[in-house]
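Everything on this sheet refers to the single structure shown next.
2 protein chains.
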Amino acid sequence: MISKTCGYAIRGIVFLSLEQNKSTKHGILEIAEDLQIPQHFLGKILQDLVRRGIISSIKGPHGGFFVNSKTIDTPLIEVVEAIDGLGIFKKCFLGREECSSINPCPLHDEFDGCRSAIFKTFENLKISDLVKKIDIGDSYLSLNKEFATEI
Amino acid sequence: MISKTCGYAIRGIVFLSLEQNKSTKHGILEIAEDLQIPQHFLGKILQDLVRRGIISSIKGPHGGFFVNSKTIDTPLIEVVEAIDGLGIFKKCFLGREECSSINPCPLHDEFDGCRSAIFKTFENLKISDLVKKIDIGDSYLSLNKEFATEI
DNA sequence: TTTGATAAAGATATTAAGGTCTTTTATTCT
DNA sequence: AGAATAAAAGACCTTAATATCTTTATCAAA
């Protein structure tokens, strides 16, 4: 549904917003290692988010990425829009150029409800909602394969 | 969700299964032109489907692709499995290696229900169901951009 | 005011999806 | 048998997503 890149973006923002992280700056190396995401790739993604004002950054010694007043209230749809664009919610399931209720493919009606449910969820969920799930401890951000298969 | 390739596959099968098409063989050129799909690319896809027994083909003069006894009863999930594999229903929304209810990402619970609904729909829908929608006239397979924007 | 740290930016590489072109194989018709 | 036709197969091309590497700009501290 959403791209891998967009997932990385959300995880990056949530990492910075966690209770134990939100009062400090974090270098890209630290974030990337913790989340197991390629460093420079994540760097570019976070740069995009800084440009959008979703997070902030400072260069130089003791610089890094950090949350701002807007960060935790950012709805996920805003991140999705920034990275993937909203077009992903309009693509035809069968790969036709156009697909809508007035020009539907045979799968349009079947899945359109589901798709708008996903869209609404992205509209309603904020970064803070994901942070809660992690702080409470019933969800994970950064587990890698080794750890995951141990469970 | 499913790949463009997989959408092409479904559209190809449905085309062959339409009331007016199901009693004849159809060359790849005819199918591709009607559906506005690149000819040789669709050719390869249909070859896959023939190997799986979902449709049939004959070479040579008056040859072409055509439905067999199995075609119209094929559940869509079988096509999805053939082209994309079932892995697409297990990928983590945030791009982590592993994601499941015992090892969930912060979005897992939010979207898992939706995802299994999609899976079940693909299990329950058969080619014949899509054919009906088209034969009845409330759905389209092959509209191209020109026509679509006219509406 | 130089040095070191760090994000930003740019260039390049890799991979996978999607798409094209050419050759081969099977079949039919003359 | 030979020619024509059409799918099958294989090689290759293009584009977009993902990833890496290098250089530049900015800042802080010594």
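So the sequence lines, in the order shown, correspond to chains G and P. Numbered by my numbering, the letters in the first sequence go through residues 64 to 214 in order. Numbered by my numbering, the letters in the second sequence go through residues 64 to 214 in order. All residues carry an ideal CB built from backbone N, CA and C; glycine is no exception.
Contacting residues, own chain, Cβ-Cβ under 6 Å from residue i (five flanking each side not counted)
i	result
G:Asp147	Ile65, Ser66 and Cys69
G:Ser120	Val113 and Phe128
P:Ala95	Gln102 and Leu105
G:Lys88	Gly127 and Phe129
G:Glu209	Only weak support is given to the placement of G:Glu209: the predicted model assigns it a pLDDT of 45, under 50, and the value that follows is read from those uncertain coordinates. So the list is empty, once near-sequence residues are dropped.
Neighbour flag for residue i against chain P, beta carbons, 9 Å
i	result
G:Phe174	yes
G:Val142	no
G:Leu156	This sequence places Phe at residue 156 of chain G; Leu is not what is there. Chain P contact via Cβ: present.
G:Asn166	yes
G:Ala145	no
G:Arg159	yes
G:Ser205	yes
G:Lys85	no
G:Ser191	no
Cut-off 7 Å between Cβ atoms - residues of its own chain near residue i, not counting five sequence neighbours on either side
i	result
P:Tyr71	Ile100, Leu105 and Ile108
G:Asn84	Phe78
G:Val194	Val77, Ser80, Leu81 and Ile135
G:Asn131	Ile118 and Ser119
P:Gly90	Gly127
DSSP state of residue i mapped onto helix, strand, coil
i	result
G:His125	coil
G:Asn131	coil
G:Lys85	coil
G:Ser119	strand
G:Lys67	helix
G:Ser202	coil
P:Lys154	coil
G:Ser191	helix
P:Ser164	coil
C-beta neighbour in chain G for residue i, strict 9 Å
i	result
P:Leu188	yes
P:Pro169	yes
P:Val113	no
P:Lys153	no
P:Ile135	no
P:Ile108	no
Same chain, Cβ closer than 8 Å to residue i, neighbours up to 5 away in sequence not counted
i	result
G:Tyr203	Ile197
G:Ala145	Ala72, Asp111, Leu112, Arg115 and Ile117
G:Glu213	Unreliable positioning characterises G:Glu213 in this predicted model, as indicated by a pLDDT of 45, which lies under 50. A coordinate reading is not provided.
P:Leu98	Tyr71, Arg74, Gly75, Phe78, Leu105, Leu204 and Ser205
P:Cys168	Cys155, Phe156, Leu157, Arg159 and Cys162
P:Lys133	Gly116 and Ile117
### Query
Are the stretch 154–173 of chain G and the stretch 189–200 of chain G touching by the rule of at least three beta carbon pairs closer than 8 Å?
These segments do not touch.
### Message
Taking beta-carbon pairs under 7 Å, can you tell me which members of the stretch 88–106 of chain G lie near chain P?
### Response
For the stretch 88–106 of chain G, which is checked against every Cβ of chain P, not one residue is closer than 7 Å.
### Query
Using Cβ-Cβ distances below 7 Å, what residues of the stretch 118–131 of chain P are close to chain G?
Answer set for the stretch 118–131 of chain P: empty.
### Task
Could you say if the stretch 181–195 of chain G and the stretch 183–192 of chain P meet the contact criterion of at least three C-beta pairs nearer than 8 Å?
No, the stretch 181–195 of chain G is not in contact with the stretch 183–192 of chain P.
### Task
May I ask you to verify whether the stretch 131–146 of chain P touches the stretch 154–161 of chain P, counting CB pairs closer than 8 Å and requiring at least 3?
Touching, no, given that fewer than three Cβ pairs across the two stretches are closer than 8 Å.
### Task
Take every Cβ of the stretch 75–87 of chain G, pair it with every Cβ of the stretch 126–139 of chain P, and state whether three or more of those distances are shorter than 8 Å.
Between the stretch 75–87 of chain G and the stretch 126–139 of chain P, the count of C-beta pairs closer than 8 Å stays below three; the two stretches do not touch.
#### Entry: Contact residues within the stretch 66–80 of chain G, judged by C-beta distance below 9 Å to chain P
Taking 9 Å as the Cβ-Cβ cut-off against chain P, the residues of the stretch 66–80 of chain G that qualify are Ser66, Lys67, Thr68, Cys69, Gly70, Tyr71, Ile73, Arg74 and Val77.
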